[in-house]
Amino acid sequence: MTPTKEPTGPLSALREFPQNIWNSIFRNPLPSTDLERSSTSFTNFFLHIHPVKVNRNTLRPAYTMGLGLMATFLFVILVVTGVLLMFYYVPSTTQAYDRMLDLRGTVAFGIFLRNMHRWSAHGMVAIVFLHMCRVFFTGAYKRPREFNWILGVLLLLVTLFLSFTGYLLPWDQLAFWAITVGTSIAGYAPIVGQQIKFVLLGDTTVGQEALLRFYVLHVAVLPAVLVLLMAIHFWRIRKDGGLSRPEKRPAPATDAGVVKLKKIYGLQGFVRGPFTKLGNVPDDSVYSWPNLLMAELFVFVLTISAILVVSLLFNAPLEQPVNVMHPPNPAKAPWYFLGLQEMVSYSAFWGGIGIPGLMVAVLLLVPYIDRGTAGVGRWFAKERLLANTIFLTLVILNVIFIVIGTFFRGPNWSLVWPF
Amino acid sequence: MRLALAVASLVVLVVHGVVFRNQFFHEWERHQTAYIEQARSLAKTDRERTDLDARSPRIEQIIVSSFGDTHVDRCTTCHLAADDPRFMNHAEPLKTHPYSAALGDVQRNGQWERRHKFSDFGCTVCHDGEGRGLDTFYAHGQDEFWPDPLTGYVTQANWRKDFSPHLKGNEYMEANCAQCHTEEGFAGTPHVNRGRKLFYAMNCYGCHKIDGMSEGTLGPDLTEAGKKFKVDYLWESIVEPRANLDTSFMPNFHLPQDDVEALVIFLKSRRGVNFAETSLDRYKAHVANVAVVIPPGTAGEKAGEQLLGDRACTACHKLGDKDGGIAPDLSYEGLIRNEQWLADHFANPRSRVPDSIMPAFRFPADDFQKLTAYLETLKTPPPSNWDPQTTFTNLCARCHGEKGDGNGKVAWYIDPSPRDFTKQGFMASKPRARFVASIQEGVGGTSMPPWKQILKEDQVNGVLDYIMKNFARQIFVEQRRRNLPEANPVAASPESINRGEQIFELRCTGCHGRKADGKGPNSLDIFPHPRNFRNHWFVESVPDKRLFESIEYGVQGTAMPSWIDMLSTNEVGDVINFIRSLQTKSK
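Structure below.
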């Protein structure tokens, strides 16, 4: 904000050159008034995804735990590291493994990029799952957020599939046999199972065709789908009135933070929606800048420092080159599918298709079955005891199956003691 | 929150610092700098010095495409002085690769010249290891997932500690020499040559197949053993055959350590297509019907006895104090088998015991004669004053088990299984005369030999009493009178055989198999296993009357049911005609 003064000569243009460039990019100075705060959020391309003001509840770390943001940031890390890895990777059965060796040994930062990509991918699966649990236990999927829950379930599935397709790319024994197991589980689906498997693999066994397909799915198709779904997911958060929160509390004693009808900052004042405040409506919200921004920055730094530390300490696994004739015993799917594999060991159809299919169906239907609005916005609300208990049971069962499959299964899928 | 933010930011910064340090200050750069400095002090001309001054650390690599898959060897990034003779007395990694006349290196005008130039061969063709790696741990193949660690130098952390000391040494590299130097008896690969000889001498070829070398089918195919397995695994498989597979029946040959080492090196050299041959050669070797020719063993007076040791017979059989624990006792062979039987059995063990697992070895005929002659001399009977219990323990328990339950030391490897004497149903339903006959005359087509030349009649009865008293615990119960024809009343006409075959297919194949070889779909779960009717030695030793009895009334103590309510006497006669008709073909 440099008010133009009278003398406008070439000299002053030169003197104001840096300031002018800055001003042309950022329309606002660092905000110091409420007007500037809202203007900052409203006029910046990267910030305009935020509302100008957010409810205090949204910023409570104990409420959201920042899980959704973490998943988003992990995805950003995955995109950045993934694109860098793409410069070195060749989806060919004869070259892929050698490229992994080059990444590990020769390429600058190669091993670190791969570690970051690998651990972020595992982290994203886990965090997205936890995010879903958070949303369920706080009842956040209730009206009007039913559709966003559906989008969330789809995002979970796409995330799993992304991680699964990436699992094959190193083309080592771990990858080859995990995908062999994983696609075999898909083959148990009734009627179309074998066709699905064939379309996925482009062949009857995992080979060059499968590698190419998984690569294209992993770097192009699925990320595009994920980005689209994420965009709708975020957009819906705003259109559904921000994050869920407890029912209206009695009006605050003071009228601080009450927006007067007179003052309208930009167009947002005219937007009709459930939570745009006009008049003497009690308002429990704060400005996004800097409150929400700081929270986001905090989650981002936390996420990336965790990933960096893990990547520094642990190298991504790279096992023997693929040997089609020599399966490891036991051959295990990626950890997030080990619960399925464990169930498959009891019954191929029910474990691999029936129960997971039912689970997804239940997840998709939950917001349309569970219609009561009591208890929304609180963790483990008493009013939602039944729903929460059912969901928690399923979650614990899933975790137990994954733990058994990961740690307690030895050669020939026999029970072993891992310690 | 601000404090946490600051801490987390610091972590991010520190990690970046560490990562950048790792990326820009490589171990190999230090080695290269050291090399340049030392080479500079050794340099004789100014030109050399200025060249060295201009040099900065960089990744060196040799790309080798003449030997199988393309090798990318970056070993010389650290081992920069490998080809610089001035560094002969330096420490690794800046040490000259030794020159050796044995490797074909020659000295001209005081300068060594390599036969295997690094620019042509690279490093990993001979040494293995991960050529692409730049970090010692991965480059040397110390990572447990790397299939070929630096051969003879590196043992991986998950290898068995008791083997690791044996798995080091230059001789292991012979396995790689043999990829090009395939000729038998090549002087540079003594261990491979010795291993190849042992492969035949220790009878490995009898069970294992190696394309172009042997045709065995009992054990795993070893054509690509060197590609599939690490030396640690190979060593373990020879020294402790059951370490990996509990049910393996590979004998423990108790080889001396240098023999094991030679075999391991030989097997490591088996990598399917080697560098010296084309894939067409390999295909020809694969389809060729290999006639394995074993060089004759020792001649001379005690040749037979010597051969028995040299040919590793006691790796499975028992003789004297040597016992492989897999096959029958040979101590009284001269008394229980005649020359003809031995000759037939050597030529093809299955011609005498159709379900035997003993391979047909390809010794020269002369060796077989000597072995037969030697076995025929084993005619010393055991002391005649043995009491029945001692007799049973020494002669019977090896197959029938100390507890008489048919589960002796070698029972698992014998088909048909030794009789389980604790099955009261069987033991009580057969007349004593039949047991006496089985002991005295043996059971045709099985491992049960005739004992009549070893045990006198009273000894036989003594053993039988001992068995009945201690294991069967029930003496013969006279059955209700059974109406059985003495001979088959149905003539063996083609029509009868045809009818018999139809009945057999309908009623019998579930257990006895479509081929009547006793290997039907249910046979695996049944003990004793169903009879193999292709075993003509057995079938012909059994009279029609006994076949009638077994079919019509069942065999008590086994899974064979009674068919008397389902099949008429004539139908049983048809089935018997069908079974008998199978025998002529197999003869």
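First to last, the protein sequences are chains Z and P. With the working numbering applied, the first sequence has no gaps in its numbers, which climb one by one up to 419 at the end. With the working numbering applied, the second sequence has no gaps in its numbers, which climb one by one up to 1006 at the end. Note that beta-carbon positions come from the ideal geometry of N, C-alpha and C, so glycine has one too.
Check                                                                                                                                                                 : Outcome
Just to make sure I have the definition right: I need the residues of chain Z whose C-beta is within less than 8 angstroms of the C-beta of P:E549. Which are they?   : L101 and G105
Look at the alpha carbon of Z:P190 and the alpha carbon of P:H955, and state the distance between them as a whole number of angstroms.                                : 50 angstroms
Residues of chain Z with CB closer than 8 angstroms to the CB of P:M592, please, in chain order.                                                                      : Simply none; closest approach about 21 angstroms.
Taking Cβ to Cβ, would you say P:A731 is nearer than 7 angstroms to P:M621?                                                                                           : yes
Please classify P:L699: is it buried, with 16 or more other beta-carbons within 10 angstroms of its beta-carbon, or exposed?                                          : exposed
Spatial neighbours of P:H931 within its chain, please: C-beta separation below 6 angstroms, excluding the five flanking residues on both sides.                       : G937, G939 and P949
Taking 7 angstroms as the CB-CB limit, is P:K1006 close to chain Z?                                                                                                   : Since pLDDT at P:K1006 reaches only 43, below the 50 mark, its modelled position is unreliable, and no value is offered.
Once the 5 residues before and after P:G992 are set aside, which same chain residues still bring their CB inside 6 angstroms of it?                                   : N907, P908 and V909
Since P:E467 is in the alpha helix (DSSP H), which residue starts that stretch and which ends it?                                                                     : D465 to A473
Grab the span of the beta strand (DSSP E) containing Z:W149 for me, first residue to last.                                                                            : Where Z:W149 is concerned, there is no enclosing beta strand (DSSP E), although the alpha helix (DSSP H) it sits in stretches over E146 to L168.
Sort out for me which residues DSSP pairs Z:S285 with in a bridge.                                                                                                    : Z:N55
Using C-beta distances below 8 angstroms, list every residue in its chain close to Z:L201, excluding the 5 sequence neighbours before and after it, in chain order.   : T183, G207, E209, A210 and R213
Rounded to whole angstroms, what is the Cα-Cα separation between P:E563 and Z:F314?                                                                                   : 16 angstroms
Extract the residue ranges of the alpha helix (DSSP H) inside the stretch 729-785 of chain P, only unbroken runs of 4 or more that lie entirely within it.            : 752-755 and 758-766
Determine the contact status of Z:L156 and Z:M132, defining contact as a CB-CB distance below 7 angstroms.                                                            : yes
Are the beta-carbon atoms belonging to Z:L78 and Z:V158 less than 7 angstroms from one another?                                                                       : no
Which same chain residues, not among the five before or five after Z:H48, have their C-beta less than 8 angstroms away from its C-beta?                               : S41 and F42
Between the stretch 491-509 of chain P and chain Z, which residues of the former have CB atoms less than 8 angstroms from a CB of the latter, in chain order?         : V491 and R493
Under 9 angstroms between beta-carbons, which chain P residues line up against Z:Q320? List them in chain order, please.                                              : F564, W565 and P566
Quick test of the definition: if touching needs 3 or more C-beta pairs under 8 angstroms, does the stretch 653-665 of chain P touch the stretch 556-572 of chain P?   : no
Z:F298 CB to nearest chain P CB: under 7 angstroms?                                                                                                                   : yes
Pull the bridge partners of Z:P321 from the DSSP assignment, please.                                                                                                  : Z:D172
Would you list the one or two residues that DSSP bridges to Z:R409?                                                                                                   : Z:L415
Once the 5 residues before and after P:T636 are set aside, which same chain residues still bring their CB inside 7 angstroms of it?                                   : K628
Taking only the alpha-carbon atoms, compute the straight-line gap between P:F605 and P:C596 and give it to the nearest angstrom.                                      : 10 angstroms
Just the Cα atoms here: how many angstroms apart are P:H435 and P:V573?                                                                                               : 33 angstroms
Are the CB atoms of Z:L74 and Z:S120 within a distance shorter than 7 angstroms?                                                                                      : yes
Could you say if the stretch 793-811 of chain P and the stretch 837-845 of chain P meet the contact criterion of at least three C-beta pairs nearer than 8 angstroms? : no
Cα-Cα, which of P:E860, P:S866 and P:T865 is closest to P:L874?                                                                                                       : P:E860
Starting from P:Q975, trace the beta strand (DSSP E) both ways and give me its first and last residue.                                                                : Taken as a continuous stretch (DSSP letters only), P:Q975 belongs to no beta strand (DSSP E), as it is neither H nor E.
In the DSSP assignment, find the beta strand (DSSP E) that holds P:H490 and state where it starts and stops.                                                          : H490 to D492
Check whether the Cβ of Z:A108 lies closer than 7 angstroms to any Cβ atom in chain P.                                                                                : yes
Based on DSSP bridge pairs, tell me the residues matched to P:V525.                                                                                                   : P:E532
Excluding the 5 residues flanking P:R901 on each side, which residues of the same chain have their C-beta closer than 7 angstroms to its C-beta?                      : E968 and Y972
Can you tell me which residues form a DSSP beta bridge with P:K514?                                                                                                   : None, per the DSSP bridge assignment.
Can you tell me the Cα-Cα spacing of P:A856 and P:V879, whole angstroms?                                                                                              : 10 angstroms
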